[in-house]
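Undergrad:
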Amino acid sequence: MKRKYALITALIFLLASINTLRSQEKTNVAETLAGVLTQLPADNRNEYHKQLDAILSTGEEGILTLAKMLRTPGQGDNSKVEYALSGISHYVTGKADEALRSSIAGAYIKALNATEEREAKAFIISQLQITGKEESIEPLARYLTEERLSDPAARALASIGSAKAAEALRSALLRRMGTPAAMCSIIFAIGETHTAGAENILNDILADGDDNFKKAVFFALSQVGSKTSLSILSSAADKVNLSWDKTSANEAYIALLHRLVAQGDTQEASKAASALLKKATKAGITPTRSAALQVLLSIEKSNGLKRVQSAMKDASREYRTAALDYASDFASRYVYVEMFKTMDKAKPAAKVDILNWIERESRIPEKNALIKTLDIRFDLTAGQAILNQLKSGDTTVRKAAVWALVRMGDVSFIPPLANLLASSETSDILLGRDALIAFGGDVESDVAHIIPSATDAGKIAAIKVLAVRKAHTRINAALDLIKTGAPEVKAAAYTALKDLSTEKDLTLLCGMLETADATAVSSLQNAVIASISSLPAAEQSAIISRRMLQAGENAKHLYYVVLSATGYRDALATIVSGFRQSAGESKDAAFEALLLWKGAESTDELYAICEDVSAPSYFDRALAAYTRAVPANSTLSADERYLALRKAIDIAHTNEQRSAILRQIGRTGSYQALLYAGSLLDDKSVQRPAADAVINIALNNKSYAGTEVIELLNKVSSILTDHGADYQRESIRKHIEEISKGE
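Each residue of the sequence shown is one higher than the one before, starting from 0 at the first, in numbering that gives the first Met the number 0.
1. Short of 8 Å in beta carbon distance, which residues of its chain neighbour Thr114, apart from the five on each side in sequence? Order them along the chain.
2. Write down the C-beta distance between Ile750 and Ala197 rounded to the nearest angstrom, noting that I regard them as a contact closer than 8 Å.
3. Just list the alpha helix (DSSP H) runs in the region 636-708, keeping only unbroken ones of 4 residues or longer that don't cross its boundaries, in chain order.
4. Check this for me: beta carbons of Val91 and Gly61, under 8 Å apart or not?
5. Starting from Arg258 and walking both ways along the alpha helix (DSSP H), at which residues does that stretch end?
6. Who are the Cβ neighbours of Ile709 in its own chain at under 8 Å, not counting the five residues just before and after it?
7. Quick check on the DSSP output: what are the complete alpha helix (DSSP H) runs of length 4 or more inside the region 420-481, in order along the chain?
8. Taking just the CA atoms, how far does Lys503 sit from Gly457?
9. Please work out which residues of its chain come closer than 7 Å, Cβ to Cβ, to Leu571, disregarding the five sequence neighbours upstream and downstream, and give them in chain order.
10. Rounded to whole angstroms, what is the Cα-Cα separation between Pro367 and Ser563?
11. Do you know how far the Cα of Ser530 is from the Cα of Gly598?
12. For the candidate residues Lys49, Ala403, Ala697, Ala447, whose alpha-carbon lies nearest to that of Pro414?
13. Using 10 angstroms around the beta-carbon of Arg44, count the other beta-carbons present and answer buried if the total reaches 16, otherwise exposed.
14. Using three-state DSSP, classify Asp611 as helix, strand or coil.
15. Look up Arg376 in the DSSP assignment and say whether it is helix, strand or coil.
16. Taking Cβ positions, are Thr71 and Glu133 nearer each other than 8 Å?
17. For the region 522-572, which segments carrying the alpha helix (DSSP H) assignment without a break, of at least 4 residues, lie completely within its bounds, in sequence order?
18. Kindly indicate the opening and closing residues of the alpha helix (DSSP H) around Tyr625.
19. To the nearest angstrom, how far is the alpha carbon of Thr194 from that of Ser269?
20. When the Cα atoms are used, what is the spatial distance from Ser78 to Glu118?
21. Does the region 538-546 come within contact of the region 580-589, defined as at least 3 CB pairs closer than 8 Å?
22. Looking only at its chain, what residues have a beta carbon closer than 8 Å to the beta carbon of Ala400, apart from the 5 residues adjacent to it on each side?
23. Alpha carbon to alpha carbon, how far is Asn202 from Thr745? Give it in angstroms, no decimals.
24. Quick check on this structure: which residue in Ser135, Val467, Asp427, Glu424 has the alpha carbon closest to the alpha carbon of Ala437?
25. Can you round the beta-carbon distance between Ala215 and Thr192 to whole angstroms, since I take them to be within the 8 Å contact cut?
26. In whole angstroms, what is the alpha-carbon distance linking Ala624 and Ala704?
27. Whole angstroms is fine: what's the gap from Ala110's alpha carbon to Ile54's?
28. Near Lys238, which residues of its chain fall below 8 Å by C-beta distance, leaving aside the five closest residues on each side in sequence?
29. On the DSSP letters alone, give me the boundaries of the alpha helix (DSSP H) that Gln128 sits inside.
30. Taking just the CA atoms, how far does Gln686 sit from Arg645?
31. Return yes when the Cβ of Ala526 is within less than 8 Å of the Cβ of Gly566, no when it is not.
32. If we ignore side chains and look at the alpha-carbon of each, how far apart do Val575 and Arg406 end up?
33. Excluding sequence positions up to five away, which residues of its chain have a Cβ less than 6 Å from the Cβ of Pro347?
34. Taking Cβ positions, are Thr144 and Ala181 nearer each other than 8 Å?
35. Is the beta carbon of Arg620 closer than 8 Å to that of Leu594?
36. Short check: CB of Glu610 to CB of Ile650, under 8 Å?
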């Protein structure tokens with residue numbers, strides 16, 4: 000008896016130990032999940048995967064626990080839980096680990112059975128759509144007749160897509176249980192899975208429902224039907240005048256025709272498509288005409304060339320371009336030759352369509368090579384046939400021909416394209432300019448050659464081409480135009496110098512700069528800058544400094560802007576010295592260079608200029624430049640940027656200047672800046688920029704909390720009374736709630 004009691008006691012102790020271990024495991028799972036959820040969404044991919052691995056380490060219990068945390072809509076925030084589960088589903092399916100996938104799908108199935116909340120069930124089903132396979136089919140099939148769950152269940156089965164999943168859908172359709180909406184979900188899924196053996200059932204139930212129901216049946220028939228369903232869908236398409244409607248009958252009919260072609264029932268498909276083409280043509284329904292033609296051409300291929308050629312006589316551009324696009328699928332040497340012949344006889348609108356088609360075809364390398372070698376007849380190549388269109392009196396034809404030539408890219412086309420620059424027609428000149436800029440070959444020689452015979456507009460276009468193409472060997476073309484061209488031509492040539500110059504041209508450019516008219520100074524400075532831009536900054540600065548000495552007092556100021564472009568620190572000292580020690584034109588030039596300085600090193604000098612009462616004419620621009628430069632100074636902390644701007648606002652002359660500075664203060668992120676902007680909220684002259692500064696700093700720095708910040712934000716919210724500020728007020732409200740919770 001004692002042994003019996005001892006055994007019972009041992010069993011009780013063992014059960015208690017097991018329960019304790021299970022309790023500890025659940026506690027560990029809960030703690031792990033809580034820790035993960037607080038860190039989602041993760042900052043980067045590696046951290047995200049680390050969190051997902053932590054969830055996976057909790058096994059089935061973790062998935063079930065997360066699923067149980069899903070709340071009824073309106074009774075809690077599910078976003079993090081859904082984010083975690085969705086992440087697990089995609090993560091697992093991407094691992095190609097069948098055992099892991101199966102275990103996660105199994106956990107979802109258990110979770111599905113463990114909850115009665117429909118929204119939670121719908122979400123879990125959506126995860127089975129990602130992770131589920133054969134093991135999920137039967138559990139999912141149970142929900143096919145429930146209206147609110149049939150759609151996700153049907154989608155999940157369609158995603159699984161196996162024969163067993165398709166059979167589950169077909170069986171549900173046979174039972175005809177559930178609401179019309181549930182039936183629609185099943186029917187759409189049958190279409191998506193191409194479920195065999197469903198066609199007769201679908202035809203039998205077609206008359207049972209409303210437009211939404213018919214749309215589902217029509218779609219499914221277009222995906223699973225055979226020639227048996229042709230008459231049914233044809234009649235349905237006729238009833239909607241071969242156009243779009245709520246049931247999508249016409250689209251379903253066309254899709255069924257394509258399905259028949261794919262299945263090899265070409266005779267039936269061709270007969271039906273021909274009838275559809277005739278009816279659509281008579282009704283003037285171009286999209287349906289085009290769709291019927293596509294079906295016919297997919298059957299006839301190159302034998303359907305005559306249909307494409309006939310389409311070129313059609314009044315509808317939409318129909319013509321559709322025919323050409325379909326011809327691309329079977330285009331061969333013979334087809335291209337025949338279409339070139341058709342182009343030669345076509346009206347201008349059709350010529351344009353064919354030329355545009357040739358241009359598109361030429362984008363494909365193998366087709367490009369074929370088209371280049373075409374002989375339309377013994378004395379006419381494809382290229383020459385297109386070149387002949389440049390003589391057309393129709394501008395759109397010439398334009399289409401030009402771009403076809405550009406896309407074909409044969410270098411023999413360059414001279415004719417360059418000749419467009421010598422045209423008397425502005426439209427042709429501009430067309431030639433754009434074509435030559437885009438052309439893949441070496442166009443510089445032919446462009447330079449055409450300049451002397453071109454009009455002024457042509458000269459300007461030509462020099463633009465050389466500039467865009469960085470034709471450094473053609474700088475003399477620009478120099479010649481500067482010597483002999485009309486004023487507007489000279490201006491274009493001067494502008495082009497910066498793109499045509501190299502270091503070897505520096506001496507020439509400097510000589511031109513030192514003797515140039517005021518109108519050409521800026522362009523020549525840009526050219527000098529460009530000519531040495533490939534050199535190290537220190538070397539650039541040294542070269543220009545030497546040139547300044549050679550230029551003498553009367554011309555050295557012309558190089559301040561060039562020095563500024565070098566960005567070299569020693570150059571800044573030269574510019575500052577020039578401003579302080581010179582007067583008049585030289586002082587102005589140094590000041591302009593200072594404004595153009597890209598680094599933050601100029602801020603002290605800009606502020607000094609603002610404080611200099613003897614130079615009031617420079618104040619406004621110096622202050623504006625200082626205001627822009629301070630925020631760009633990455634060497635300063637947020638508080639230092641604020642203090643630098645704070646002293647600028649004290650010397651500002653106008654409310655506009657103070658407002659501009661406040662906007663920059665709002666970008667510093669400094670807590671001191673936040674308080675300062677808040678102190679100006681009662682100043683009507685800068686109230687709005689001050690309010691914006693408070694918003695920008697506070698909302699972008701969640702660590703700035705406390706009563707003082709909340710009071711400032713509430714005050715800003717009361718100031719923002721205009722209708723357009725609704726979004727800002729709502730953002731403020733949410734931010735206050737968030738930082739209040741953290742206190």
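Here a beta-carbon is modelled for each residue, glycine too, at the ideal position from N, C-alpha and C.
Only a predicted model underlies this, so the values are computations on that prediction, with no experimental measurement involved.
TA: By the coordinates alone:
1. The sequence position of residue 114 within the sequence shown is 115, counting from 1. Hits under 8 Å: Ala66, Lys67, Leu69, Lys120, Ile123.
2. Residue 750 is absent from the model: the chain starts at 0 and stops at 742.
3. 637-650, 654-664, 670-678, 686-698
4. As a first step, residue 91 must be located in the sequence shown, where it is residue number 92. As a first step, residue 61 must be located in the sequence shown, where it is residue number 62. Not in contact: Val91 and Gly61 (Cβ atoms no closer than 8 Å).
5. As a first step, residue 258 is located in the sequence shown; it is residue number 259 there, counting from the start. Where Arg258 is concerned, the enclosing alpha helix (DSSP H) stretches over 248-262.
6. Position 710 of the sequence shown, counted from the first residue, corresponds to residue 709. Cβ within range, chain order: Ile735, Ile738, Ser739.
7. 425-437, 443-449, 455-467
8. Working through the sequence shown from its first residue, we reach residue 457 at position 458. Working through the sequence shown from its first residue, we reach residue 503 at position 504. Each residue's alpha carbon lies about 28 Å from the other.
9. Indexing the sequence shown from 1 puts residue 571 at position 572. Correct list, in chain order: Trp596, Glu600, Ser601.
10. Within the sequence shown, residue 367 is the residue found at index 368, counting from 1. Within the sequence shown, residue 563 is the residue found at index 564, counting from 1. Reading off the sequence, residue 367 comes out as Asn, not Pro. Asn367 and Ser563: Cα-Cα distance of roughly 49 Å.
11. If you number the sequence shown from 1, residue 598 lands on position 599. If you number the sequence shown from 1, residue 530 lands on position 531. Whole-angstrom Cα-Cα distance: 22 Å.
12. The residue you call residue 414 lines up with position 415 of the sequence shown. Considering only alpha carbons, the answer is Ala447.
13. As a first step, residue 44 is located in the sequence shown; it is residue number 45 there, counting from the start. That one is exposed.
14. Position 612 of the sequence shown, counting from 1, holds the residue named residue 611. Coil.
15. Taking the sequence shown and counting its residues from 1, the one referred to as residue 376 is at position 377. Correct three-state label for Arg376: strand.
16. In the sequence shown, the residue the question calls residue 71 occupies position 72. In the sequence shown, the residue the question calls residue 133 occupies position 134. No. Outside cutoff.
17. DSSP runs (the alpha helix (DSSP H)) wholly in the region 522-572: 536-550, 559-565.
18. By one-based count along the sequence shown, residue 625 stands at place 626. Unbroken alpha helix (DSSP H) run through Tyr625: 618-628.
19. Working through the sequence shown from its first residue, we reach residue 194 at position 195. Working through the sequence shown from its first residue, we reach residue 269 at position 270. About 25 Å.
20. Translated into positions along the sequence shown, residue 78 becomes position 79. Translated into positions along the sequence shown, residue 118 becomes position 119. Computed Cα separation, rounded: 13 Å.
21. no
22. One-based indexing of the sequence shown puts residue 400 at position 401. Around Ala400: Leu354, Ile385, Leu386, Gln388, Leu389, Ser391.
23. In the structure as shown, the chain begins at 0 and stops at 742. Residue 745 is therefore absent and cannot be evaluated.
24. As a position in the sequence shown, residue 437 is number 438, starting the count at 1. When only C-alpha atoms are compared, the closest one is Val467.
25. As a position in the sequence shown, residue 215 is number 216, starting the count at 1. As a position in the sequence shown, residue 192 is number 193, starting the count at 1. Their Cβ separation, rounded to whole angstroms, is 14 Å, which puts Ala215 and Thr192 out of contact at 8 Å.
26. Residue mapping note: residue 624 aligns to position 625 of the sequence shown, counting from 1. Residue mapping note: residue 704 aligns to position 705 of the sequence shown, counting from 1. Rounded to whole angstroms, Ala624 to Ala704 spans 33 Å at the Cα level.
27. Taking the sequence shown and counting its residues from 1, the one referred to as residue 110 is at position 111. Taking the sequence shown and counting its residues from 1, the one referred to as residue 54 is at position 55. Cα to Cα, the separation comes out at about 16 Å.
28. Residue 238 sits at position 239 when you count from the first residue of the sequence shown. Here the set comprises Ala248.
29. Position 129 of the sequence shown, counted from the first residue, corresponds to residue 128. Note, Gln128: alpha helix (DSSP H), 117-130.
30. If you number the sequence shown from 1, residue 645 lands on position 646. If you number the sequence shown from 1, residue 686 lands on position 687. One C-alpha to the other measures close to 16 Å.
31. Reading the sequence shown from its first residue, position 567 is the one you call residue 566. Reading the sequence shown from its first residue, position 527 is the one you call residue 526. No, they are not a contact pair.
32. Walking along the sequence shown from the start, residue 575 turns up at place 576. Walking along the sequence shown from the start, residue 406 turns up at place 407. Their backbone Cα atoms lie some 53 Å apart in a straight line.
33. Your numbering for residue 347 matches position 348 in the sequence shown. Excluding sequence neighbours, Pro347 sits near Asp393, Val396.
34. As a working mapping, residue 144 is identified with position 145 in the sequence shown. As a working mapping, residue 181 is identified with position 182 in the sequence shown. Closer than 8 Å, so yes.
35. Position 595 of the sequence shown, counted from the start, is the residue given in the question as residue 594. Position 621 of the sequence shown, counted from the start, is the residue given in the question as residue 620. The answer is yes: Cβ separation under 8 Å.
36. Counting from one through the sequence shown, the residue named residue 610 turns up at place 611. Counting from one through the sequence shown, the residue named residue 650 turns up at place 651. For Glu610 and Ile650, yes; Cβs fall inside 8 Å.
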